[in-house]
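Numbering-wise (the UniProt record's numbering), the sequence shown opens with residue 1 and increments by one.
Note that beta-carbon positions come from the ideal geometry of N, C-alpha and C, so glycine has one too.
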Amino acid sequence: MNDPTRAAVSHPVLKQPPLLTSGTVTPEAVSEWESACQQYFLHSKGITDANRVSLVAAGFQDRLIQAWWKSNNATLAPLSWDDFVSEFRAQFLDDNWDINLRMSLLRMRQKPGETFAVFIRRFEMQNALLAGTTRHLSDTTLRAEITARLSARLQLHANSASVTAIPSYNIWKKAMFTEDKDWSEKRAAEADKLLALHARALKLNNPNSSNTNAARAPRPALPPPASSSSFPKIPTLTEDECTLLRTHRGCYKCRKFYAGHIGTSCTDWPSRPYQPLTLADALAAQKRFEGSNVKKATKVAALSATVEDVPEDDQDRDSDDDDLAYTPVPIAALYARSTCALSNDLEDAWDSECVPPSASPPDSPTPPVHLVWNASISSAAPGTQFPALSGILIDTGSPANLISASEVERLNLRRRPLARPQSFTTAFDGSETEASEWVKFQVSLSDGSYVSRAVRAIVVPSLCFPVILGIPFLDQNCLLEYEHLQARLQLSVHRDLLKQITMDVPRTPACRAAGPEAIAAVRTRVEELAFVESLKLADAEFKRRFADCFPADIPHLDHLPTDSYHEINLKDANMTIVRRQYDCPKKYREAFK
Numbered sequence: 001m002n003d004p005t006r007a008a009v010s011h012p013v014l015k016q017p018p019l020l021t022s023g024t025v026t027p028e029a030v031s032e033w034e035s036a037c038q039q040y041f042l043h044s045k046g047i048t049d050a051n052r053v054s055l056v057a058a059g060f061q062d063r064l065i066q067a068w069w070k071s072n073n074a075t076l077a078p079l080s081w082d083d084f085v086s087e088f089r090a091q092f093l094d095d096n097w098d099i100n101l102r103m104s105l106l107r108m109r110q111k112p113g114e115t116f117a118v119f120i121r122r123f124e125m126q127n128a129l130l131a132g133t134t135r136h137l138s139d140t141t142l143r144a145e146i147t148a149r150l151s152a153r154l155q156l157h158a159n160s161a162s163v164t165a166i167p168s169y170n171i172w173k174k175a176m177f178t179e180d181k182d183w184s185e186k187r188a189a190e191a192d193k194l195l196a197l198h199a200r201a202l203k204l205n206n207p208n209s210s211n212t213n214a215a216r217a218p219r220p221a222l223p224p225p226a227s228s229s230s231f232p233k234i235p236t237l238t239e240d241e242c243t244l245l246r247t248h249r250g251c252y253k254c255r256k257f258y259a260g261h262i263g264t265s266c267t268d269w270p271s272r273p274y275q276p277l278t279l280a281d282a283l284a285a286q287k288r289f290e291g292s293n294v295k296k297a298t299k300v301a302a303l304s305a306t307v308e309d310v311p312e313d314d315q316d317r318d319s320d321d322d323d324l325a326y327t328p329v330p331i332a333a334l335y336a337r338s339t340c341a342l343s344n345d346l347e348d349a350w351d352s353e354c355v356p357p358s359a360s361p362p363d364s365p366t367p368p369v370h371l372v373w374n375a376s377i378s379s380a381a382p383g384t385q386f387p388a389l390s391g392i393l394i395d396t397g398s399p400a401n402l403i404s405a406s407e408v409e410r411l412n413l414r415r416r417p418l419a420r421p422q423s424f425t426t427a428f429d430g431s432e433t434e435a436s437e438w439v440k441f442q443v444s445l446s447d448g449s450y451v452s453r454a455v456r457a458i459v460v461p462s463l464c465f466p467v468i469l470g471i472p473f474l475d476q477n478c479l480l481e482y483e484h485l486q487a488r489l490q491l492s493v494h495r496d497l498l499k500q501i502t503m504d505v506p507r508t509p510a511c512r513a514a515g516p517e518a519i520a521a522v523r524t525r526v527e528e529l530a531f532v533e534s535l536k537l538a539d540a541e542f543k544r545r546f547a548d549c550f551p552a553d554i555p556h557l558d559h560l561p562t563d564s565y566h567e568i569n570l571k572d573a574n575m576t577i578v579r580r581q582y583d584c585p586k587k588y589r590e591a592f593k
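Written out as structure tokens, the structure reads:
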């Protein structure tokens, strides 16, 4: 928006002088007004160099500028156009407007995320305001100043041999623009590829994701059920039927067991004629559902209960437990890529014989290598000062996070009771194990460059690994496991967490020639010192010029009296001021009667 307190330029008719509105005159307004005057000289006839100044003066709308023109018309009208513009700037702009504008130009830097095209436009537009002055930057100086203020990546490209050999400023600018555009497009393509890979992994790990997406999509228009004249009205669900649907993951709309969706995303109606729901129907649907799951994946360890909410007692909760609460979801089985997810003996399970070979051909029946993450685990429990290193198995098929009891004791983690004990069936001998506690901790890299959100894991008596992290951990921390590359990608920064960060610090040569940025910095400092010196000289000249106003006999402020600050002497202290005795001036008295 235009500032109403600043002067603006309006030039609706090219054959008429441009209008400079009332307000404070700025360098931008003077530059725009000068360009509009050039358009007026080009499109109007009968304008000569002698009458240019007199013709454009008719467009001044500010009273101060009009008064200045009327008072100095005799000396301003004969001036050439360039001299008149210089005189106009000296009269209505600050004394050091060009120096301040130059200093503001030299303080500019390329902002994070700003493209080269946007930055160079800002820089060139600021430099265009200095056109016609000694502070204006030439193409050679402009190229060096812009290079010194680019980002580190663009500076490296600008100082390369192929770019420094370009003689023309315009060709150099196009080369830099092409490099920045190619890099931005390449980065955007890599980000799209990672997002597509993440979406594919989520689809493979969660076959019912289409139902979730369908729940978020607008609900389609459904055909109404058959009229009541053909079939009787569908009765309301009874309490027993609601219990069966809730226990066997049914839909309350289509009234089918293990439907794989909920009522809000259901597009079906109950079959007609309607048959009441029975326990036999529920068990038959459960048998079909479990049979289909056995064909899809190998069952490693069955869970016979559900994971529910943590009790709401204040004594069993921390202040930050609200954002860590599990959503109660029934778990039928734990599917994992590991062949030893649960075992009876910790020593036997931790032995290397449970780990598959490190590499196997694609057609080999041997399972692929486990993806083990050697990370640090820390908690807020008393007595835990430093994170402890632990072996963590990443299982993209596990719907729960698990931790062994021995690891809990080693890390001194605080145990919290589950709302309902969970029964586990081991995959080796079929024995049942009960878990009734859970813990909370954080996972971080050894170098401290990554720290996960708080993890909630169920405590089990024994595991083949100290910790098994499944889908809840990957989803909560926005992580993607790429099995083909044996990598874990953090989607927010596109980083592989399994690779250590290595810093390759290039050796700095003992002596090298000063680059454009060093020359620009020296020039900037020299100009700042020159400006400070000019201010000192101006201050001394001001004091010398008005020395008569500050005589040496004036006492110091500390020596002035404190009981009186001002003394006003009247010509006649006894004079009485007489007020007028009439209501209005005499010449208007007759009109008011």
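Inset, instruction - Work out the CA separation of valine 578 and lysine 587 for me, nearest whole Å. - result: Translated into the one-based positions of the sequence shown, residue 587 becomes position 587. Translated into the one-based positions of the sequence shown, residue 578 becomes position 578. Approximately 21 Å between the Cα atoms of the pair.
Legend entry - C-alpha gap between asparagine 100 and glutamate 179, whole angstroms: The residue labelled residue 100 in the question sits at position 100 within the sequence shown. The residue labelled residue 179 in the question sits at position 179 within the sequence shown. When rounded, the distance between both Cα atoms is 33 Å.
Legend entry - Closest residue to isoleucine 394 among Val372, Arg187, Gln476, Ala573 (Cα-Cα distance): The residue labelled residue 394 in the question sits at position 394 within the sequence shown. Per the Cα distances, Val372.
Inset, instruction - Take the Cβ of aspartate 345 as the centre, count every other Cβ of all protein chains shown within 10 Å, and call the residue buried at 16 or more, exposed below. - result: Taking the first residue of the sequence shown as position 1, residue 345 is located at position 345. Any answer about aspartate 345 is weak, because its pLDDT of 38 lies below 50 and its placement is not dependable; what the coordinates show is given next. Answer is exposed; the Cβ neighbour count stays below 16.
Legend entry - Nearest candidate by alpha-carbon position, reference glutamine 61, set Thr433, Thr24, Gln91: The residue labelled residue 61 in the question sits at position 61 within the sequence shown. Of Thr433, Thr24, Gln91, the residue nearest in Cα terms is Thr24.
Legend entry - the stretch 109-126 touching the stretch 76-95, judged by at least three CB pairs closer than 8 Å: No contact exists between the stretch 109-126 and the stretch 76-95.
Legend entry - Own chain residues within Cβ distance below 6 Å of threonine 433, not counting five before or after: Counting from one through the sequence shown, the residue named residue 433 turns up at place 433. Excluding sequence neighbours, threonine 433 sits near Phe424, Pro461.
Legend entry - Simplified DSSP state of glutamine 61, which is helix, strand or coil: Mapped onto the sequence shown, residue 61 falls at position 61. The answer is coil: DSSP assigns glutamine 61 none of H, G, I, E or B.
Inset, instruction - Could you check which residue in Phe84, Ala131, Asn72 has the C-alpha nearest to that of tryptophan 97? - result: Along the sequence shown, read from residue 1 onward, the residue named residue 97 stands at position 97. Put simply, of Phe84, Ala131, Asn72 the residue whose alpha carbon is nearest the alpha carbon of tryptophan 97 is Ala131.
Inset, instruction - State the start and end residues of the unbroken alpha helix (DSSP H) segment that holds asparagine 73. - result: Your numbering for residue 73 matches position 73 in the sequence shown. According to the DSSP assignment, asparagine 73 belongs to the alpha helix (DSSP H) that extends over 73-76.
Legend entry - glutamate 567 versus phenylalanine 546: straight-line alpha-carbon distance, rounded: As a first step, residue 567 is located in the sequence shown; it is residue number 567 there, counting from the start. As a first step, residue 546 is located in the sequence shown; it is residue number 546 there, counting from the start. The alpha-carbon atoms of glutamate 567 and phenylalanine 546 are separated by roughly 25 Å.
Inset, instruction - Tell me whether the beta-carbon of cysteine 266 lies closer than 8 Å to the beta-carbon of cysteine 251. - result: On the sequence shown, residue 266 is found 266 positions in, with the first residue counted as 1. On the sequence shown, residue 251 is found 251 positions in, with the first residue counted as 1. Yes, these two residues count as a Cβ contact at 8 Å.
Inset, instruction - Please classify proline 399: is it buried, with 16 or more other beta-carbons within 10 angstroms of its beta-carbon, or exposed? - result: Your numbering for residue 399 matches position 399 in the sequence shown. Under this definition proline 399 is a buried residue.
Inset, instruction - Mind checking which residues open and close the alpha helix (DSSP H) that includes arginine 107? - result: Within the sequence shown, residue 107 is the residue found at index 107, counting from 1. First-last for arginine 107: undefined, no H or E at that position.
Inset, instruction - Return the CA-CA distance between valine 459 and serine 184, expressed in angstroms with no decimal places. - result: If you number the sequence shown from 1, residue 459 lands on position 459. If you number the sequence shown from 1, residue 184 lands on position 184. One C-alpha to the other measures close to 47 Å.
Inset, instruction - Return helix, strand or coil for leucine 237, following the three-state DSSP convention. - result: On the sequence shown, residue 237 is found 237 positions in, with the first residue counted as 1. Of the three classes helix, strand and coil, the one that applies to leucine 237 here is coil, per DSSP.
Legend entry - Local Cβ density within 10 Å of glutamate 190, reported as buried at 16 or more and exposed below that: The count along the sequence shown starts at 1 and reaches residue 190 at position 190. Result: exposed.
Legend entry - For proline 417, the residue or residues it bridges with in DSSP: Taking the first residue of the sequence shown as position 1, residue 417 is located at position 417. According to DSSP, proline 417 bridges with Glu437.
Inset, instruction - Check alanine 199 in the structure and name its three-state DSSP category. - result: Position 199 of the sequence shown, counted from the start, is the residue given in the question as residue 199. Under the three-state reduction of DSSP output, alanine 199 falls in the helix class.
Inset, instruction - Ignore the nearest five residues each way along the sequence and tell me which others in leucine 129's own chain have a CB closer than 8 Å to its CB. - result: Position 129 of the sequence shown, counted from the start, is the residue given in the question as residue 129. Pro27, Glu28, Ser31, Leu101.
Legend entry - Simplified DSSP assignment, three categories, for alanine 359: Working through the sequence shown from its first residue, we reach residue 359 at position 359. Caution is warranted here: a pLDDT of 43 is assigned to alanine 359, below 50, making its placement in the model unreliable, and the coordinate value is therefore given only provisionally. Coil at alanine 359, not helix or strand.
Legend entry - Endpoints, alpha helix (DSSP H) assigned at tryptophan 81: The residue labelled residue 81 in the question sits at position 81 within the sequence shown. Per DSSP, tryptophan 81 belongs to the alpha helix (DSSP H) from 81-92.
Legend entry - Separation of serine 71 from valine 56, as counted between CA atoms: Here residue 56 corresponds to residue number 56 of the sequence shown, with the count starting at 1. Here residue 71 corresponds to residue number 71 of the sequence shown, with the count starting at 1. Computed Cα separation, rounded: 16 Å.
Inset, instruction - For asparagine 374, name the three-state secondary structure that DSSP assigns. - result: By one-based count along the sequence shown, residue 374 stands at place 374. Here asparagine 374 sits in strand by DSSP.
Legend entry - When Lys181, Arg456, Ile171 are compared against leucine 154, the one with the closest alpha-carbon: Against the sequence shown, residue 154 aligns to sequence position 154. Among Lys181, Arg456, Ile171, the Cα nearest to that of leucine 154 is on Lys181.
Legend entry - Pairwise C-alpha distance: isoleucine 146 and threonine 140: Taking the first residue of the sequence shown as position 1, residue 140 is located at position 140. Taking the first residue of the sequence shown as position 1, residue 146 is located at position 146. Each residue's Cα considered, the two are about 10 Å apart.
Legend entry - Rounded C-alpha distance that separates serine 162 from serine 10: Locating residue 162 in the sequence shown gives position 162, where the first residue counts as 1. Locating residue 10 in the sequence shown gives position 10, where the first residue counts as 1. One Cα belongs to serine 162, the other to serine 10, and the distance between them is close to 46 Å.
Inset, instruction - In the DSSP assignment, find the beta strand (DSSP E) that holds serine 404 and state where it starts and stops. - result: As a first step, residue 404 must be located in the sequence shown, where it is residue number 404. Note, serine 404: beta strand (DSSP E), 402-404.
Inset, instruction - With DSSP as the reference, label alanine 144 as helix, strand or coil. - result: Residue 144 sits at position 144 when you count from the first residue of the sequence shown. DSSP, reduced to helix, strand and coil, places alanine 144 within a helical segment of the structure shown.
Legend entry - Exposure of phenylalanine 550, with buried meaning 16 or more beta-carbon neighbours within 10 Å: Locating residue 550 in the sequence shown gives position 550, where the first residue counts as 1. With fewer than 16 other Cβ atoms from the protein chains shown falling within 10 Å of its own Cβ, phenylalanine 550 counts as exposed.
Legend entry - Spatial distance of alanine 117 from isoleucine 166 (CA atoms): Taking the sequence shown and counting its residues from 1, one reaches residue 117 at position 117. Taking the sequence shown and counting its residues from 1, one reaches residue 166 at position 166. Answer to the nearest angstrom: the Cα atoms are 18 Å apart.
Inset, instruction - Per DSSP, which residues does valine 578 bridge with? Please list them. - result: By 1-based counting over the sequence shown, the position of residue 578 is 578. Paired residues: none, contrary to the question.
Inset, instruction - Please classify glutamate 567: does DSSP put it in a helix, a strand, or coil? - result: Position 567 of the sequence shown holds residue 567. Coil.
Legend entry - For proline 472 and glycine 397, the rounded distance between their alpha carbons: Position 397 of the sequence shown holds residue 397. Position 472 of the sequence shown holds residue 472. Whole-angstrom Cα-Cα distance: 10 Å.
Legend entry - Three-state class that DSSP yields for threonine 164 in the structure shown: Position 164 of the sequence shown, counted from the first residue, corresponds to residue 164. The answer is helix: DSSP assigns threonine 164 an H, G or I state.
Inset, instruction - May I ask which residues mark the beginning and end of the beta strand (DSSP E) holding arginine 456? - result: Here residue 456 refers to the residue found at position 456 of the sequence shown. Looking at the DSSP string, the run of the beta strand (DSSP E) that includes arginine 456 is 455-460.
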